[in-house]
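Visitor: Be aware that the sequence shown starts at 11, since it is given in my numbering, and climbs by one per residue.
Beta carbons are placed, not taken as given, at the ideal position from N, Cα and C, and that holds for glycine.
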Amino acid sequence: MQQLEKLIEDARHSVGICNSCRYCEGFCAVFPAMEQRLDFTKGDINYLANLCHNCSECYYACQYAPPHEFNVNLPVQLAAVRQTTYQSYAWPRGIARGFEKSGLLSSLFFMLALIVLLGVATLFSNGLSSAPAGDFYAIFPHGVLVTVFGLAALWVVTALIMGFRAFLKDTGEKPGELLSWKNVKEGMADAFSLKYLHGNVKTGCTYPDDEISPWRRRFHHFTFYGFMLCFAATVSGTIFHYVFGWQAPYNFFSLPKLTGTIGGISLAIGTAGQFWLKRKADPAIVNIRQMGMDYAFIAQLFLAAVTGLALMVFRETPALATLLVIHLAVILSLFITMPFGKFVHGLYRLGALIKYAKEKPLH
11 MQQLEKLIED ARHSVGICNS CRYCEGFCAV FPAMEQRLDF TKGDINYLAN LCHNCSECYY
71 ACQYAPPHEF NVNLPVQLAA VRQTTYQSYA WPRGIARGFE KSGLLSSLFF MLALIVLLGV
131 ATLFSNGLSS APAGDFYAIF PHGVLVTVFG LAALWVVTAL IMGFRAFLKD TGEKPGELLS
191 WKNVKEGMAD AFSLKYLHGN VKTGCTYPDD EISPWRRRFH HFTFYGFMLC FAATVSGTIF
251 HYVFGWQAPY NFFSLPKLTG TIGGISLAIG TAGQFWLKRK ADPAIVNIRQ MGMDYAFIAQ
311 LFLAAVTGLA LMVFRETPAL ATLLVIHLAV ILSLFITMPF GKFVHGLYRL GALIKYAKEK
371 PLH
């Protein structure tokens, strides 16, 4: 608790200095949002922390950054606060504490446990040895997969809704007032375009160092839209199965297969690129405590992409059962840990952007 209070106080000290200086007010949404306030509650600091995209342009422009005695380092200070919101908003909080302490190890351990569990389950699958080539359902029946992943999806949605409710309460917002069509449309447009990773000069942000680069924004686009295409593949496959009665496997030029393949490639490129940039990042703008959680999320998404692609390529071979077990374990672990890891930063950042859209007419 004392550590959290110190993080909040350090961030409050820095935003107070920034609010007086205002040199960076045109850089991103954080500074205009800051100028709407003369005093900063804990909820205000949490809101600004989730509004920050960690581009670090303000750090390199700041005359009060270290080694100045004022020690203004908003990217690191707001990142440290932002990480605490992943746990404080999470539901249930008890599980979140384990991921907060060791996100990478917790995620990998859970993934390996699922691989072992599903691997053992294949030994008891009926007809495994005589399963037709490429037939997933001979290993795990369709009903079993639907039940398991349906429950996982229900868990994720419930936990994310509870977390978002906690975010709204903390920032003093009521859903009916905040979530108007105008605010949601503007906030989603800013989120999907990654507007605040374009930087002050509109060509990129100062990451992984003080040179302007578009690559962080590009790799985020590869990751996000790759993930959405993979999700679209699942949805279209569900529609094919239940609406049209078309059974998997589908041919390569079908909608589920094309969106899944393109999405998987895009997701692999995006996550590999983000890992590369994080490895090169200037230590002065890195929140060390958050790196384990960041790497865990990137690793899960990367493994989801490459195991899915491998499963498509080798599904007609004896490697089918092994690859299917690994892929399902990766996807299931990604789903179940979503509410406690780096994934939720997208949800809270979207909420912060919607709140900023609501405040815009005031300035």
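1. With H, G and I counted as helix, E and B as strand and the rest as coil, what does DSSP make of C65?
2. Could you say if the region 249-261 and the region 46-62 meet the contact criterion of at least three C-beta pairs nearer than 8 Å?
3. Quick check on the DSSP output: the alpha helix (DSSP H) that includes F202 runs from which residue to which?
4. Give me the DSSP bridge partner(s) of S223.
5. Among the residues of its own chain, which have a CB less than 6 Å from the CB of L17, if the five just before and after it don't count?
6. Give the DSSP-derived three-state secondary structure of W286 in the structure shown.
7. Based on Cα-Cα distance, which residue from A162, E15, L127 lies nearest to T94?
8. Exposed or buried, what is L360 when buried is set at 16 or more other beta-carbons lying within 10 Å of its beta-carbon?
9. Can you have a look at V130 and say buried or exposed, based on whether 16 or more other CB atoms are within 10 angstroms of its CB?
10. Could you have a look at H23 and say whether DSSP puts it in helix, strand or coil?
11. Would you say Y366 faces chain C, with C-beta separation under 7 Å as the test?
12. Just the C-alpha distance for S30 and I298, rounded to the nearest angstrom, thanks.
13. Specify, as a first and last residue, the run of the alpha helix (DSSP H) that W101 falls within.
14. Could you check whether G280 and F229 sit closer than 7 Å to each other, using their CB atoms as the reference points?
15. Can you list, in chain order, the residues of its chain whose CB lies under 7 Å from that of H63, leaving out five sequence neighbours each side?
16. Label I346 either buried or exposed according to how many other C-beta atoms from any shown protein chain fall within 10 Å of its C-beta, with 16 as the threshold for buried.
17. Thinking C-beta only, is G273 closer than 7 Å to L321?
18. Within the region 298-366, note down every full alpha helix (DSSP H) run reaching 4 residues or more, in order along the chain.
19. Are the CB atoms of F24 and Q87 nearer to each other than 7 Å?
Guide: With the structure as the only source:
1. By one-based count along the sequence shown, residue 65 stands at place 55. If DSSP states are grouped into helix, strand and coil, C65 belongs with coil.
2. The region 249-261 vs the region 46-62: no contact.
3. Counting from one through the sequence shown, the residue named residue 202 turns up at place 192. Unbroken alpha helix (DSSP H) run through F202: 191-202.
4. Along the sequence shown, one-based indexing puts residue 223 at 213. BP columns for S223 point to C215.
5. By one-based count along the sequence shown, residue 17 stands at place 7. Cβ neighbours of L17 within its own chain (closer than 6 Å, five residues either side excluded): A90, V91.
6. Within the sequence shown, numbered from 1, the residue matching residue 286 stands at position 276. Three-state DSSP puts W286 in a helix.
7. Position 84 of the sequence shown, counted from the first residue, corresponds to residue 94. Residue E15 is the option with its Cα nearest to T94.
8. Here residue 360 refers to the residue found at position 350 when the sequence shown is read from its first residue. It is buried - the Cβ of L360 has at least 16 other Cβ atoms within 10 Å.
9. As a working note, residue 130 is residue 120 in the sequence shown. V130 is exposed by the Cβ-count criterion.
10. Within the sequence shown, numbered from 1, the residue matching residue 23 stands at position 13. Looking at H23 - three-state DSSP - the assignment turns out to be helix.
11. Looking for chain C here will not work: only one protein chain is present.
12. In the sequence shown, the residue the question calls residue 30 occupies position 20. In the sequence shown, the residue the question calls residue 298 occupies position 288. Those two C-alpha atoms are separated by around 29 Å.
13. Working through the sequence shown from its first residue, we reach residue 101 at position 91. W101 -> no alpha helix (DSSP H), and no H or E assigned at all.
14. Residue mapping note: residue 229 aligns to position 219 of the sequence shown, counting from 1. Residue mapping note: residue 280 aligns to position 270 of the sequence shown, counting from 1. Cβ atoms of F229 and G280: closer than 7 Å.
15. For the purposes of this step, residue 63 is taken as the residue at position 53 of the sequence shown. Within the same chain, H63 has close Cβ partners C38, Y206, L207.
16. Stepping through the sequence shown from its first residue, residue 346 is reached at position 336. Per the 10 Å Cβ criterion, buried.
17. The residue given as residue 321 occupies position 311 in the sequence shown. The residue given as residue 273 occupies position 263 in the sequence shown. Taking 7 Å as the Cβ cut-off, L321 and G273 do not qualify as a contacting pair.
18. List check, alpha helix (DSSP H) in window: 298-324, 330-347.
19. For this step, residue 24 is matched to residue 14 along the sequence shown. For this step, residue 87 is matched to residue 77 along the sequence shown. A small fix is needed here, since residue 24 is Ser in this sequence, not Phe. In contact: S24 and Q87 (Cβ atoms closer than 7 Å).
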